[in-house]
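Take a look at the structure set out below.
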Amino acid sequence: MKKKFLLIMGIFSFGIIHAQVGINTQNPLGAFHIDPKANTTGTSIAPANDSDDFIVTGTGVGIGTAAPTANLDVRGSVRIADGTQATGNIFTTDGTGLGYWDATFQFKILQSTVYNGLLLPVGSWLTVTPEIELTVGKWMLIARLVTKNTCASTYFTWIRLLDLSTSNAINAAGSRPSYDGAYYDIVETTGVIEITSGSKKVVLQGQNWSNCTYTSPDMGGSYVYAIKLS
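Read in order, the letters of the sequence shown correspond to residues 1 to 230 in full-length UniProt numbering.
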């Protein structure tokens with residue numbers, strides 16, 4: 001009799017251990033399944049009406065899905081409010097994987113105007129923009145200079161993005177003016193600079209080996225942008 005009792009208890013225990021628990025559902029699709037609206041149908045592979053569900057399966061935990069495909073699968077909007085959240089902050093982690101909101105990684109774009117009507121000197125650089133001050137991080141710089149020659153010229157117009165703290169060029173480019181009688185020239189360059197401490201100031205400079213090349217006051221289109229990448 002005792003052996004029969006133990007056998008029956010063993011069978012029941014095995015069933016409990018391997019049972020699926022469902023709350024508000026007669027057909028749980030995982031080890032633990034909550035269906036608040038009691039409307040989920042289908043199978044564990046292809047459930048339907050499961051946007052309100054919470055489930056634990058052998059694959060992972062699903063929120064807003066009854067078929068998670070990762071350790072934590074969240075479908076729908078997410079709110080993480082730990083006290084560090086603020087408009088424009090980006091969610092990141094420290095070295096241990098602990099997540100938090102960080103203002104230093106806000107996406108920033110700085111712009112500098114280009115002085116119009118400047119005569120580019122022959123053989124030397126002329127600063128054609130105010131300084132842009134860049135803080136710690138990695139920045140992509142994009143520059144464009146439009147010039148107008150008052151005489152025919154086959155010489156290149158050159159521009160460079162200059163790091164004032166080191167007097168080193170971040171990047172440079174050159175281009176010849178058009179031959180259509182208008183003598184316009186458009187020169188573009190890009191570069192990346194990484195600042196590990198403090199800040200740096202950057203300017204755009206230009207030069208030309210012709211005596212008649214001016215930054216264009218009438219056509220426009222000149223610019224310098226600094227985009228913070230990290």
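All C-beta atoms in this analysis are idealised placements derived from N, C-alpha and C, irrespective of residue type, glycine included. Every value quoted in this text rests on a predicted model; they were computed, and no experiment measured them.
| task | Only counting runs of 4 or more residues, tell me where the alpha helix (DSSP H) segments fall wholly within the stretch 99–161, in order along the chain. | result | none
Checklist line | Under the three-state DSSP convention, the category Gln-207 falls into | finding: strand
Ile-11 by DSSP, collapsed to three states: which one?
In this prediction, Ile-11 scores a pLDDT of 43, lower than 50, which makes its location untrustworthy; the coordinate-derived value is nonetheless stated afterwards. The answer is helix: DSSP assigns Ile-11 an H, G or I state.
Worksheet item: Ile-55 and Ala-66: beta carbons closer than 8 Å?
Response: yes
May I ask which residues mark the beginning and end of the beta strand (DSSP E) holding residue 233? Since the first residue shown for the chain is 1 and the last is 230, residue 233 is missing from the structure and cannot be characterised.
- [ ] Have a look at Ser-51 and Ile-109 and give me their C-alpha separation to the nearest angstrom.
- [x] A direct Cα-to-Cα measurement between Ser-51 and Ile-109 gives close to 38 Å.
Let's test the definition: count the other Cβ atoms within 10 Å of the Cβ of Asp-185 and tell me whether it reaches 16, buried, or not, exposed.
Buried, since its Cβ has 16 or more Cβ neighbours within 10 Å.
Margin query: Once DSSP output is grouped into helix, strand and coil, what is the label at Asp-73?
Written below: strand
Check the DSSP bridge columns for Thr-93 and list the partner residues they point to.
Gly-99
Taking the straight line between their C-alpha atoms, what separation do you get for Ser-167 and Gln-205? 12 Å
| message | Using a Cβ-Cβ cutoff of less than 6 Å, which residues in the same chain neighbour Thr-87 once the five nearest sequence positions on both sides are dropped? | response | none
| message | Here's the rule: buried if 16 or more other CB atoms are within 10 angstroms of the residue's CB, otherwise exposed. What is Thr-196? | response | exposed
task = Using only alpha-carbon positions, find the residue among Ser-153, Cys-151, Gly-123 and Asp-163 that is nearest to Glu-131.
result = Asp-163
**Request:** Please go through the same chain and pick out, in chain order, the residues whose beta-carbon is closer than 8 Å to the beta-carbon of Gly-221, but skip the five residues on each side of it.
**Result:** Arg-144, Val-146 and Ile-186
* To do: Could you pull out every residue in the same chain whose Cβ sits closer than 8 Å to the Cβ of Val-192, ignoring the five residues on either side in sequence?
  => Lys-138, Trp-139, Met-140, Leu-141, Ile-170 and Leu-229
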